[in-house]
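In mature numbering (1 follows the signal peptide of the UniProt record, and there is no 0), the protein residues as written are -38 to -1, 1 to 502. Using N, Cα and C, we set each Cβ at its ideal position, and we do this for glycine too. The structure displayed is predicted, hence computed values, not measured ones.
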Ligand SMILES: [Zn+2]
Ligand SMILES: [Zn+2]
Ligand SMILES: [Zn+2]
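Okay, structure coming up:
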């Protein structure tokens, strides 16, 4: 696909070039710019896995998981009618593998999300039997039946649906009953062999586990086979540390949780060669570049934009291993993330320390103000902090990037697009120096920045960013992903507007004004303050 120079649509929109196209798409997309930034990371994020040789730290109980099942090599991907491409790959179609497995909708959204494809929709059809399951249409309902059959009668009997962990555990066990012995086709590892990390649980987690097991028994009750308490606990432990958070079609919201055993073989690397994305009800493992036959496949479980020490701590806390990847060993990006302003003389160490501390303190205040919805306060804090940072910290400094990110998102929400765009531009310039060029978080950030510029009427930069984001997301998400499709539509729209702008600036601004006054920009989703740990099913 040639995204760089698409063709001008044969016929421009009749009354206004900004009519449908701009406003509808922009409004949809701006939802993405929620400062919670869970969105893409939801899909990007991954599970805990068996700590590998490269990630060090092997607990004694891991002995049962011997190589090669402890890591996923390209050559180990099973051939499957859907995909199963096992040769060296690079290019636009980089889906290495696609799975569906045991997956359930989140408890708060069971009426808003299709239980098969996980699309969020206004109108869904309800299962006539249990009145609990919801589907887009007959096709989704039919596809669900094998997995829903037992669930349907269990929900009916209990009179209500239990929480998602319990529903997921039950689905796993019904599958075990169905498939009884050995590994099912295409499955590289059994759920029995996945780690549960129960020994590492804190008291609170242990209590939660016990509650779930108790409620599970009420739900499972008279259904078929009986499993021992240890085994049931194992399943819940596995869900707790291997559960993959499923996001809706636009990556805006976590809508469910699933277990994909094959994916649990993919180890973490802070600079991975693959990424994982949830697309149309299926998990896709996509390659980010050239992978050679025999290479180990890796994904990143966390956002890369952190100091090595912080990344390692997060991995240890959430996934119980010490990361010893190349990035962590060499601390490759720490210098950039801590960089101070070039100049003569360089800012003194004491000044750098003071501004850094000030930035961290401001961050706390911002978090508090944001959680209380005091967005104008947030803007004030950001402006003050950026002013202090400007002469001291470099543009790639993590403390500066954090403030830029929050301020651009909150300013967008407040519809102060010009200032938002200015900050978004600085942020993106910094990100481009730090992230892997094919990183989903980077792609999403560039997209948000592009939309902000578009809103601010800075069409040239906006269009450039949208093209850039589209190029990244074609790799990380693939052309069939709804976000990539949105971007494609925006790319076409902004390109058309850009031509108009180049032909006659005055007319461009006139039409823009008219379009905006005809139909005010929809109120955007409120910026939310979401904890990093929310990316994963596993709480941090
Ligand atoms: Zn559906
Ligand atoms: Zn049902
Ligand atoms: Zn690492």
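Is the CB-CB distance between residue i and residue j below 8 Å?
i	j	result
residue 376	residue 337	yes
residue 108	residue 96	no
residue 292	residue 284	no
residue 444	residue 211	yes
residue 290	residue 232	yes
residue 341	residue 370	no
residue 428	residue 459	no
residue 200	residue 153	yes
residue 454	residue 432	no
residue 301	residue 358	yes
residue 343	residue 362	no
residue 235	residue 251	yes
residue 315	residue 356	no
residue 158	residue 128	no
residue 299	residue 223	no
residue 205	residue 194	no
residue 516	residue 287	Not covered by the structure: residue 516. The range shown for the chain is -38 to 502.
residue 66	residue 141	no
residue 102	residue 83	no
residue 566	residue 424	Nothing about residue 566 can be read from this structure; the chain reaches only from -38 to 502.
residue 372	residue 350	no
residue 179	residue 198	no
residue 449	residue 409	yes
Please list the terminal residues of the continuous beta strand (DSSP E) segment that includes residue i.
i	result
residue 244	244 to 249
residue 237	236 to 241
residue 209	206 to 209
residue 221	216 to 221
residue 391	Element bounds for residue 391: not the beta strand (DSSP E) but the alpha helix (DSSP H), 379 to 396.
residue 65	64 to 67
Would you say the beta carbon of residue i comes nearer than 7 Å to a heavy atom of ligand 1?
i	result
residue 168	no
How about residue i: is its Cβ closer than 7 Å to a heavy atom in ligand 3?
i	result
residue 279	no
residue 236	no
residue 403	no
residue 290	yes
residue 429	no
residue 273	yes
residue 203	no
residue 285	yes
residue 347	no
residue 344	no
residue 149	no
residue 226	no
Could you tell me the boundaries of the alpha helix (DSSP H) in which residue i lies?
i	result
residue 428	421 to 438
residue 291	288 to 292
residue 174	165 to 182
residue 341	337 to 351
residue 317	311 to 333
residue 105	100 to 120
residue 159	Where residue 159 is concerned, there is no enclosing alpha helix (DSSP H), given that its DSSP letter is neither H nor E.
residue 413	402 to 417
residue 372	360 to 375
residue 136	126 to 141
residue 463	444 to 465
With a threshold of 8 Å between beta-carbons, can residue i be considered close to chain D, or not?
i	result
residue 457	Within the model displayed, chain D is absent; a lone protein chain is all it includes.
Closer than 5 Å between the C-beta and any heavy atom of ligand 2: which residues qualify, listed along the chain?
89, 91, 92, 95, 114
Nearest-residue set for ligand 1, Cβ under 6 Å from any heavy atom
76, 78, 79, 81, 97, 98, 102
Would you check if the segment 73 to 92 and the segment 214 to 221 touch, i.e. whether three or more CB-CB distances between them fall below 8 Å?
yes
Within the chosen definition, does the segment 290 to 307 reach the segment 267 to 278 through at least 3 CB pairs nearer than 8 Å?
yes
Decide yes or no for the touch test of the segment 431 to 442 against the segment 396 to 409: beta carbon pairs closer than 8 Å, at least 3 of them.
yes
Is it the case that the segment 97 to 117 contacts the segment 157 to 175, given that we only count it when at least three CB pairs across the two stretches are under 8 Å?
no
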